[in-house]
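Reading the sequence shown from the start, the letters are residues 572 to 877 in our numbering. Every residue, glycine too, gets a C-beta built ideally from N, C-alpha and C. Note that the structure is predicted; figures quoted are calculated from it, not measured. See structure below.
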Amino acid sequence: MPISPEQQAEIDELRRTPVQTLRATAPGMEAHLYTAHPVLDHGFVRVIDYMGDDAAICQAARVSYGKGTKSVQNDEGLIRYLMRHWHSTPFEMCEIKLHVKLPVFVARQWIRHRTANVNEYSARYSILDREFYIPAPEHVNAQSVVNNQGRGGVLEGEEAARVLDILKADSNRAYDHYEQMIGETGPDGAPQDGLARELARMNLPSNIYTQWYWKVDLHNLFHFLRLRADAHAQYEIRVYADTICKVVADWVPAAYSAFEDYRLGGATLSGKALDCLRRMLKGEEVTQENSGMSKGEWREFEGVLR
Ligand SMILES: Cc1cc2nc3c(=O)[nH]c(=O)nc-3n(C[C@H](O)[C@H](O)[C@H](O)COP(=O)(O)OP(=O)(O)OC[C@H]3O[C@@H](n4cnc5c(N)ncnc54)[C@H](O)[C@@H]3O)c2cc1C
C-alpha cells in the first residue's frame, strides 16, 4: 500500500488548510500539492512544494520588475524560443520538491542525476517496512537479444510463475532475517542485544522500497525527464518519470509543451545523418552502406525517420 490511512489523513488535513501568499502560484500545481500519485506496487510521487510558473520563466528571461507577462501568446513564443535555443537559466528559476517512494534499485539510477538536492529515509535510524517491488506479470520479461541493456518479450507460464515465486520468497526470507537480527529476542525467546539497523539492512535486496525528498530546478528536471521518460530507460524508473511529466504539464503547461515538442518529440541529428536526409530529399537512394554511418547509427537514424 503506497500510503497508510494515517498518512492519507495528514495529507487531507494539509489540503484542507490553504494559506494566502503574494507569491506566484500555478493553479494546476495547487491541485497536485501533497497528493500521492501511486507508482509501481508500493511507490508514489507527491509534490511537497514548488516555486514559479510559466510566467516566472519569462519574467527571468526579461529580467522584469513586475509580472513580466506581455500576453499568454507572447509568453508561449518566448518559452518555445528559449527551449529551441537551449537557454537553460530562465527554466532554472522554477523549482519543485517531490517526496518519492521507490525501490532501491530504481533509486540507484535516479541518484546519478547530481543536479538535485536529496534527503533519504535513514535505514540506520529507522526500521524499513516489509515492502518489496514485485513486478506485475506483464513486466516480467526475458533478457533482450538485440539490446544488452534491456528486456525482450514477456515470460510466460511456469517460468514466469517460478520467477515471481523466487522474488517473493527471497524478499520475505531476507526481511524475516532482518527482523530476527534487529529483534530484542532471539529465536528461542531469550533476550538478545539486537544487531544495529545500519548493519542488518545490508542483507536486504534492492527491490526493497526507500523514500526521499528530491528538489530540482525545472531545467535539470527536464534533463532527467528526457533521459528517464525515454523508451531506452528501464520501465521501473520510466513510470516515475511519466508520472512527473503529468505533474509538470499541469504546473508549467507552456514550458512542458515546448519540452514535449523539442526534446521528447524531437531528435538530434549528426552531420552525417543530416547529409543523408538532404540526399534523400533530393531523391537519392541512401543505404547504410553509402551513408557513412555505422550499423547502429543507421538503425537509430531509421528509427528517428519512422
Ligand atoms: C538509458 C540510460 C542508461 C544508462 N546506463 C548507465 C550505465 O550503464 N552505467 C552508468 O554508470 N550510468 C548509466 N547511466 C547514467 C548516465 O550515464 C548519467 O549518469 C545519468 O543519466 C545522469 O545524467 P547527467 O550526469 O547528465 O545528469 P546530472 O548529474 O543531473 O547532470 C546534468 C548535467 O550537469 C553537468 N554536470 C553535473 N555534474 C557534473 C560534474 N561533476 N562535472 C561536469 N559536469 C557535470 C553535465 O553537463 C550533466 O549532463 C544511464 C542513463 C540512462 C538514461
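Can you tell me whether residue i sits near ligand 1, meaning its C-beta is under 8 Å from at least one heavy atom of the ligand?
i	result
HIS613	no
ASP788	no
GLN591	no
ASP801	yes
ALA740	no
ALA804	yes
ALA771	no
THR814	no
ASN791	yes
ALA687	yes
LEU669	no
GLN680	yes
GLN720	yes
LEU798	yes
ARG683	yes
For residue i, which residues of its own chain have a beta-carbon under 8 Å away from its beta-carbon, when the five flanking residues on both sides are left out?
i	result
GLY842	none
ALA602	ASP821
ASP741	PRO776
With a Cβ-Cβ cutoff of 9 Å, do residue i and residue j count as a contact?
i	j	result
ILE779	LEU738	no
SER697	ARG617	no
GLY765	MET752	yes
ALA713	GLY724	yes
LEU835	LEU792	no
SER828	GLU709	no
ASP832	MET654	yes
LEU669	ILE628	no
GLU868	ALA838	no
PRO674	LEU611	yes
ASN743	ARG701	yes
ASP826	VAL818	Sequence check: residue 826 is Ala here, not Asp. Not closer than 9 Å, so no.
Excluding the 5 residues preceding and the 5 following residue i in the sequence, name in chain order all residues of the same chain whose CB lies nearer than 6 Å to its CB.
i	result
ARG586	TYR605
TYR621	MET600, ILE667
VAL787	ALA687
LYS672	GLY614, PHE615, TYR780, GLN782
ALA631	PRO661, MET664
ALA812	LEU796, ARG799, ALA800
ALA694	ARG772
Is residue i close to ligand 2? I mean its beta-carbon at under 8 Å from any heavy atom of the ligand.
i	result
PHE795	Summarising the ligand content, the structure contains ligand 1 and does not contain ligand 2.
Give every residue of the same chain whose Cβ lies closer than 7 Å to the Cβ of residue i, excluding the five residues on either side of it in the sequence, and list them in chain order.
i	result
GLY721	SER715
GLU755	PRO762, GLN763, GLY765
GLN859	LYS866, TRP869
PRO573	ALA607, PRO609, HIS613, GLY614, PHE615, LYS672
Give, in chain order, every unbroken run of the alpha helix (DSSP H) that is at least 4 residues long and sits entirely within the segment 761-794.
768-771
List in chain order: all unbroken beta strand (DSSP E) runs of 3+ residues lying wholly within the segment 649-715.
666-674, 687-691, 712-714
Quick check for students: name the residue ranges of the beta strand (DSSP E) that lie wholly in the segment 575-622, counting only runs of 3 or more.
607-610, 614-622
Can you list the alpha helix (DSSP H) stretches of 4 or more residues lying completely in the segment 800-853, in chain order?
806-822, 824-830, 842-852
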